[in-house]
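Asks: One structure coming up, written as C-alpha cells, with questions to follow.
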Amino acid sequence: KKELLSKLKGKENITLDGRKVNIFANIGNPSDVGSVLTNDAGGIGLFRSEFLYLENEDFPTEEQQFLAYKQVAETMAGKKVIIRTLDIGADKQAEYFHLDKEENPALGYRAIRICLTRTEIFKTQLRALYRAAVFGNISIMFPMITSVEEIKNINKIVAEVKNELEQEGIPYKKEVETGIMIETPAAALVSDELAKEVDFFSVGTNDLTQYTLAIDRQNQKLEPFYNPHHKAILKLIKMAADNAHKEGKWIGICGELGADTSLTEEFLRIGIDELSVSPSMILELRKKVRELKID
Ligand code: PEP
Ligand code: MG
248 KKELLSKLKG KENITLDGRK VNIFANIGNP SDVGSVLTND AGGIGLFRSE FLYLENEDFP
308 TEEQQFLAYK QVAETMAGKK VIIRTLDIGA DKQAEYFHLD KEENPALGYR AIRICLTRTE
368 IFKTQLRALY RAAVFGNISI MFPMITSVEE IKNINKIVAE VKNELEQEGI PYKKEVETGI
428 MIETPAAALV SDELAKEVDF FSVGTNDLTQ YTLAIDRQNQ KLEPFYNPHH KAILKLIKMA
488 ADNAHKEGKW IGICGELGAD TSLTEEFLRI GIDELSVSPS MILELRKKVR ELKID
C-alpha cells in the first residue's frame with residue numbers, strides 16, 4: 248500500500264472531473280518539515296507555534312522565533328507556510344505565563360484572548376513573523392476568533408508592529424496574507440462579516456466540534472458523544488465556505504476532520520479549497536481526491 252501511495256508523489260490533487268484542491272500539512276515543530284516535503288504536501292496549512300512556548304522555560308525571544316519561522320519558510324522554498332499565532336491556555340499550558348487556574352479552561356483565558364490583553368507577548372511574535380516573511384511564503388493565522396472587533400484589534404496591533412519595524416529600519420514584509428481559524432460557532436455564524444476583514448478562513452474542527460456540541464474534547468468519558476459528523480458541524484462549515492466565497496476568499500480545513508476521507512466528497516462539493524492534514528495523510532487524501540467525481 249505504501250508503494251502504491253508513493254506513486255502519487257508529484258501528481259495533482261484533482262478529481263476525475265477536474266476539480267482541484269490544495270492538500271497541505273499540519274505541523275507542530277520545525278523538525279516536521281522533512282516529512283512535509285517527503286509526502287509532497289503543497290504547503291503547510293497549520294504550523295502550530297506553541298512548541299516555541301512549551302519547549303521553553305521562559306518566553307521565547309523575538310530572535311528565537313524569527314529563526315524558527317525563517318528556517319521553515321526557507322526549507323519550504325516558496326510553498327505556502329501558514330503560521331498560527333500563539334494558542335496557549337486550556338489544554339496547552341506553560342508555567343511562566345502564570346495563568347490563573349480556571350473553572351472552565353476551554354471557555355477561558357486562552358489563545359487570542361491572551362494576545363489581545365498581554366500585547367507585549369503578541370507583538371514579539373508578530374515582529375518575528377513579519378521579519379521572517381521576507382524569507383519565504385508565510386501567511387499568518389489567528390486562533391479562537393469570535394468577532395469582527397477582535398480582528399480590528401489585531402489589525403491595530405499589527406499596524407503598530409509594522410510601524411515600529413519601519414522606524415527601527417528592520418526589514419519586514421509589508422503585505423502578509425492573514426486569515427483566521429473558524430473554530431467557534433460564533434465565527435461561523437458571523438463569517439459573512441469576518442470574510443470582509445481577512446484573506447482566508449481555516450476551519451478548526453477539533454474546537455468547532457467541542458464548542459458546537461458542548462463537549463469537552465479532553466474528556467475521555469465523553470468520547471461516545473464527540474461526533475464531528477454531527478449535521479450542526481457540517482452546516483457551520485458550509486456557512487463559512489459560502490460566506491468566504493461570496494467575498495472571493497478561500498477556505499480550508501485544518502482540524503482532524505479534514506483527513507476524514509468519508510467526508511472528502513462533501514467537502515469538495517461545498518467548495519473547500521484546501522485540506523490541511525498530518526503529513527502521513529497527504530498521499531492517502533490525494534488518492535481519495537483522484538477517485539472522486541464532484542459535479
Ligand atoms: C482545531 O481546533 O481544530 C485546530 C486545528 O486547532 P488545535 O487542535 O490546535 O486546537
Ligand atoms: Mg483549536
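full-length UniProt numbering numbers the first residue of the sequence shown as 248 and each following residue consecutively.
Even for Gly, the Cβ is constructed at its ideal location relative to N, Cα and C.
#1: From Ala379 to Leu293, what distance separates their C-alpha atoms?
#2: Can you list, in chain order, the residues of its chain with a C-beta nearer than 8 Å to that of Ser386? Leave out the 5 residues immediately preceding and following it.
#3: Is Asn269 helix, strand or coil when you go by DSSP?
#4: Residue range of the beta strand (DSSP E) that Asn384 falls in?
#5: Would you report the Cα separation of Gly257 and Ser527, rounded to the nearest angstrom?
#6: Residues in the same chain with beta-carbon distance under 8 Å from Thr459, minus the five sequence neighbours each way, listed in chain order, please.
#7: Does the region 390-400 come into contact with the region 357-376, if we say contact requires no fewer than three beta-carbon pairs (one atom in each stretch) closer than 8 Å?
#8: Please classify Gln467: is it buried, with 16 or more other beta-carbons within 10 angstroms of its beta-carbon, or exposed?
#9: Please confirm whether any heavy atom of ligand 1 lies closer than 7 Å to the CB of Arg295.
#10: With contact counted as at least three CB pairs below 8 Å, one residue from each stretch, are the region 437-446 and the region 407-415 in contact?
#11: Hey, quick one: how far does the beta strand (DSSP E) through Thr322 stretch, first residue to last?
#12: Please go through the region 442-493 and give each complete alpha helix (DSSP H) segment of 4 or more residues, from N-terminal end onward.
#13: For Val437, which three-state DSSP category applies?
#14: In this structure, does DSSP put Ile427 in helix, strand or coil?
#15: If you draw a straight line from the alpha carbon of Lys485 to that of Glu415, how long is it in whole angstroms?
Replies: Reading from the atomic positions:
#1: In this structure, the alpha-carbon of Ala379 lies about 16 Å from that of Leu293.
#2: The answer, listed in chain order, is Lys327, Val328, Ile329, Ile330, Val423, Glu424, Thr425, Gly426, Asp446 and Phe447.
#3: The three-state reading of DSSP puts Asn269 in strand, counting E and B together.
#4: From DSSP, the beta strand (DSSP E) with Asn384 extends over Asn384 to Phe389.
#5: Inter-residue distance for Gly257 and Ser527 is about 16 Å (C-alpha atoms, whole angstroms).
#6: Taking C-beta separations shorter than 8 Å and ignoring five residues to either side along the sequence, the partners of Thr459 in its chain run Pro432, His477, Ala479, Ile480 and Leu483, following chain order.
#7: In short, these stretches touch, since the Cβ pair count reaches three.
#8: The residue in question, Gln467, is exposed, as its Cβ has fewer than 16 Cβ neighbours within 10 Å.
#9: Checking the Cβ of Arg295 against ligand 1 gives yes.
#10: Flag = no, the region 437-446 and the region 407-415 do not touch.
#11: That residue, Thr322, is in no beta strand (DSSP E); its alpha helix (DSSP H) goes Glu309 to Thr322.
#12: Taking 4 residues as the minimum length, the alpha helix (DSSP H) runs contained wholly in the region 442-493 are 452-460 and 478-493, in order along the chain.
#13: If DSSP states are grouped into helix, strand and coil, Val437 belongs with coil.
#14: Under the three-state reduction of DSSP output, Ile427 falls in the strand class.
#15: C-alpha separation (whole angstroms): 44 Å.
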